[in-house]
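Final position of the sequence shown in the working numbering is 315; the numbers increase by one with none missing. Cβ coordinates follow ideal geometry from the N, Cα and C atoms, glycine included. Just so you know, these numbers come straight off a predicted model, no measurement behind them.
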Amino acid sequence: MAVVEEVAGAWLKDLLRLPADASFGFTTGAQSAHVTALAAARHHLLAERGWDVERRGLAGAPAVRVLTSGLQHATVDRAVRLLGLGTDNLRSVGAAAGRIDLAGLERELTASDAPAVVSVQAGEINTGLFDPFAEVCDLAAAHGAWVHVDGAIGLWAAASARHRHLLAGAERADSWTTDAHKWLNVPYDSGFVVVRRPDAHRAALSTRASYLVHADDAAEPGVEPARDQLDWNPEWSRRARAVPVYAAVRSLGRAGIASIVDRCVEHAQRLVDGLGGLPGVEVLARPVVNQGLVRFRSPTATTTRAPTG
Ligand SMILES: Cc1ncc(COP(=O)(O)O)c(C=O)c1O
């Protein structure tokens, strides 16, 4: 199983154009992938300030801010709650035309040196918009902030030569989440988390028990120990979710996955354009990738409202 995970994980990082030396975990979904990524962020940002959060907990620790456009998926909010960061520290810096407002982000980062995660997204849940990753990463680098990318849907655009420009700069982030049960079409319960800093990822997640034989206990001197899944994801017992991922990537290949993305985007755009041509239907957001937004007006409505996007 460790080997299947290693192979499938390396393939996914390659397909998604993420750093080959980043660590990864196969989680239940993007929700637990966010928890994992933000646990690594929490570890790293607090360790930089001399605070061992795994040992000391959060009481008395510097507050970790999580900055977003305000349009983040609700699973980010829940990850913030589960990690004890506190939703008061989840701050919207505002959105400009559906994407994180860079001026607002710069203001927030400049206003304080408190540890900060900037949580951005590839594929906003309603409009499918992608945040400006390169500019966000520049600002975050200037202020020592951690950049997390929710790419549950949109990270798969990296597999398509036609659409990967949407992700320009996202490869410079510190952590990423996606779902194989979205564009890769494997059954539910198949999230994927990638972390640029394996040390922070492992420090936040790893655990040991006397009744288990861990790979590093059994390794021979000088031999790299096999992967131990307990180091990289929050579950203890779990199914072998790397197997369907391995099978899907192996059978579809790079071209097959690119074709799923390209065809799905074409269909979504055709569907939304077609709907938009019907009487009483208004297109609020034409799909950037596979999400669009239309409004069906009531045939009896007497007033019209401006689209809000
Ligand atoms: C952008 C985004 N993030 C996170 C999630 C949560 O994913 P999961 O249900 O795999 O936890 C979703 C689910 O639709 C999503 O669209």
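If you follow the beta strand (DSSP E) that residue i is in, where does it begin and where does it stop?
i: residue 182; result: 181-185
i: residue 154; result: 152-156
i: residue 127; result: 122-127
i: residue 15; result: It is not in any beta strand (DSSP E) - residue 15 instead sits in the alpha helix (DSSP H) that spans 8-21.
Among the options, which one has its Cα closest to the Cα of residue i?
i: residue 240; options: 14, 49, 24, 38; result: 38
i: residue 132; options: 306, 278, 18; result: 278
i: residue 190; options: 31, 267, 51, 92; result: 267
i: residue 52; options: 201, 19, 119; result: 119
i: residue 201; options: 221, 81, 77, 180; result: 180
i: residue 30; options: 184, 127, 67; result: 184
i: residue 80; options: 227, 173, 127; result: 127
Residue i to residue j, Cα distance in whole Å?
i: residue 74; j: residue 83; result: 10 Å
i: residue 188; j: residue 274; result: 15 Å
i: residue 270; j: residue 124; result: 29 Å
i: residue 235; j: residue 8; result: 7 Å
i: residue 4; j: residue 10; result: A question about residue 4 goes unanswered here, because the residues of the chain that appear run from 7 up to 315.
i: residue 33; j: residue 199; result: 7 Å
i: residue 107; j: residue 141; result: 10 Å
i: residue 315; j: residue 135; result: Any reading at residue 315 is ruled out, since the residue's pLDDT is 45, under 50, leaving its predicted position unreliable.
i: residue 69; j: residue 103; result: 30 Å
In the DSSP assignment, find the alpha helix (DSSP H) that holds residue i and state where it starts and stops.
i: residue 290; result: That residue, residue 290, is in no alpha helix (DSSP H); its beta strand (DSSP E) goes 287-291.
i: residue 40; result: 36-54
i: residue 139; result: 139-149
i: residue 213; result: Where residue 213 is concerned, there is no enclosing alpha helix (DSSP H), given that its DSSP letter is neither H nor E.
i: residue 306; result: Run containing residue 306: none; DSSP gives neither H nor E here.
i: residue 116; result: 108-117
Just verifying my parser: in three-state terms, what is the DSSP assignment at residue i?
i: residue 74; result: strand
i: residue 90; result: coil
i: residue 97; result: strand
i: residue 299; result: strand
i: residue 271; result: helix
i: residue 196; result: coil
i: residue 31; result: strand
i: residue 24; result: coil
CB of residue i to nearest heavy atom of ligand 3: below 7 Å?
i: residue 303; result: Ligand 3 is not part of this structure, which contains only ligand 1.
Once you ignore the five residues that flank residue i on each side, which residues in its own chain have a CB closer than 8 Å to its CB?
i: residue 89; result: 41, 44, 45, 48
i: residue 19; result: 25, 26, 28, 30, 200
Leaving out the 5 sequence neighbours to the left and right, which residues in its chain are closer than 7 Å to residue i when beta-carbon positions are compared?
i: residue 299; result: 132, 133, 290, 291
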